[in-house]
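Q: Encoded as structure tokens, here's the structure I'll be asking about.
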Amino acid sequence: MYGNLRLLRRRPTGHLPTKSWWERLLKAQPGLRDKVQLATKFGIQFLDGKFQINGEPAYVRAACEGSLKRLGVDCIDLYYQHRIDTKIPIEVTLKKLVEEGKIKYIGLSEASASTIRRAHAVHPITAVQIEWSLWSRDVEQHIIPTCRELGRIVAYSPLRRGFFIIGCQACRRFY
């Protein structure tokens, strides 16, 4: 699976491919698109010098259309809401994008158990991305049981953002 954030294009990372890179790769290797699952996210905008969560239907649709265009594909396999906008239920908007064939599957990131259940009642949630590691175990009380019942878990930072690989002293340089 290949995941990519639109926001990476604004950051000087240098080591992560951007969506234009992905589009060039697809064009250079015919048939590759049929062999991979493409995942991308929406829901965070950089406005007025800060990151803001946005679940407005018009923004979600525009973000999807923009991703499709930048990626050079007709459909996104897994479309994640990067962070949950607690003011706007997202499931109806995402269900419409599935029905229109713009996305295949819906994913949520950092959603509560109640949000997962509410969204799943409207349209199946395929993946829930959560931080889950030896230090991030609070999700085991409500979110993990909900995901086991309804869908899938995609853990991020299972090695505690590198701590379990490079140790505490090295991590302090980055965080």
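Here UniProt numbering is used: the first residue of the sequence shown is 1, the next is one more, and so on.
Note that CB positions come from ideal geometry on N, CA and C, so glycine has one too.
1) Return the CA-CA distance between S114 and A63, expressed in angstroms with no decimal places.
2) Mind checking if D138 is an interface residue toward chain D, Cβ cutoff 8 Å exclusive?
3) Just reading off the beta strand (DSSP E) that A127 is part of, what are its end residues?
4) Which two residues bound the contiguous beta strand (DSSP E) that contains V152?
5) Please go through the same chain and pick out, in chain order, the residues whose beta-carbon is closer than 6 Å to the beta-carbon of A155, but skip the five residues on each side of it.
6) What residue range is occupied by the uninterrupted beta strand (DSSP E) comprising L111?
7) Could you give the uninterrupted runs of the beta strand (DSSP E) lying entirely in the segment 7-79, keeping only those of 3 residues or more?
8) With the cut-off set at 8 Å, would you say I53 and D77 are in Cβ contact?
9) Out of D138, I90, Q29 and G101, which one is the CA nearest neighbour of R118?
A: The answer reads as follows:
1) In the sequence shown, the residue the question calls residue 114 occupies position 114. In the sequence shown, the residue the question calls residue 63 occupies position 63. Cα to Cα, S114 sits roughly 25 Å from A63.
2) Any reference to chain D falls outside this structure, which holds one protein chain only.
3) Position 127 of the sequence shown, counted from the start, is the residue given in the question as residue 127. Counting along the chain, the unbroken beta strand (DSSP E) around A127 starts and ends at I125 to E131.
4) Looking up residue 152 in the sequence shown gives position 152. Val is not the amino acid found at residue 152; the sequence shown has Arg there. R152 to Y156 is the span of the beta strand (DSSP E), which, as asked, contains R152.
5) Taking the first residue of the sequence shown as 1, we reach residue 155 at position 155. Apart from the 5 residues on each side of it in sequence, A155 sits with its Cβ closer than 6 Å to the Cβ of W132 in its chain, given in chain order.
6) Along the sequence shown, read from residue 1 onward, the residue named residue 111 stands at position 111. The sequence shown places Ala at residue 111, rather than the Leu named in the question. No beta strand (DSSP E) contains A111, which DSSP labels as neither H nor E.
7) Segments of the beta strand (DSSP E) lying fully in the segment 7-79: 38-42, 44-47 and 50-53.
8) For the purposes of this step, residue 53 is taken as residue 53 along the sequence shown, with counting starting at 1. For the purposes of this step, residue 77 is taken as residue 77 along the sequence shown, with counting starting at 1. For I53 and D77, no; Cβs fall outside 8 Å.
9) Your numbering for residue 118 matches position 118 in the sequence shown. Each of D138, I90, Q29 and G101 was checked against the Cα of R118, and the nearest Cα belongs to I90.
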